[in-house]
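Undergrad:
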Amino acid sequence: MQKTYTVIEIYEADFGCEERPEGQETMVGIRLKAEDGEEIHRQEADAELYAKNINEDDKVIFIEGRIEKQC
110 MQKTYTVIEI YEADFGCEER PEGQETMVGI RLKAEDGEEI HRQEADAELY AKNINEDDKV
170 IFIEGRIEKQ C
């Protein structure tokens, strides 16, 4: 059975003192919390979250490692 997570926070990925490498897509950090209380942090492509209309407080699952909005 797949775990369902709630998107707790979406934030800009930190590249430290350096800027994002040229040609690399914009990544964001995402903090997720499962129904059992497990919290995970991942980096996802900002464009992918936008295309899938994934926002804070949404429910998501992972299919073959890719984030998908729970319907």
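Using this note's numbering, the final residue of the sequence shown is 180, and nothing's skipped along the way. From the three backbone atoms N, C-alpha and C, an ideal C-beta is built for every residue, glycine too. Note that the structure is predicted; figures quoted are calculated from it, not measured.
#1: Could you name the residues of the same chain whose beta carbon sits closer than 7 Å to that of residue 179, not counting the 5 residues immediately before and after it, in chain order?
#2: Among 154, 144, 155, which residue has its Cα nearest to the Cα of residue 111?
#3: Just curious, the beta strand (DSSP E) that residue 153 is in, first and last residue?
#4: To the nearest angstrom, report how far apart residue 132 and residue 120 are at their CA atoms.
#5: Straight-line CA distance for residue 163 to residue 149?
TA: Reading it off the structure:
#1: By one-based count along the sequence shown, residue 179 stands at place 70. Only 113, 168, 169, 170 meet the Cβ criterion.
#2: In the sequence shown, the residue the question calls residue 111 occupies position 2. Comparing Cα positions, the closest option is 144.
#3: On the sequence shown, position 44 is the one that residue 153 refers to. 148-154 is the span of the beta strand (DSSP E), which, as asked, contains residue 153.
#4: For this step, residue 132 is matched to residue 23 along the sequence shown. For this step, residue 120 is matched to residue 11 along the sequence shown. Rounded to whole angstroms, residue 132 to residue 120 spans 20 Å at the Cα level.
#5: Numbered from 1 along the sequence shown, position 54 holds the residue referred to as residue 163. Numbered from 1 along the sequence shown, position 40 holds the residue referred to as residue 149. Roughly 16 Å between the two C-alpha positions.
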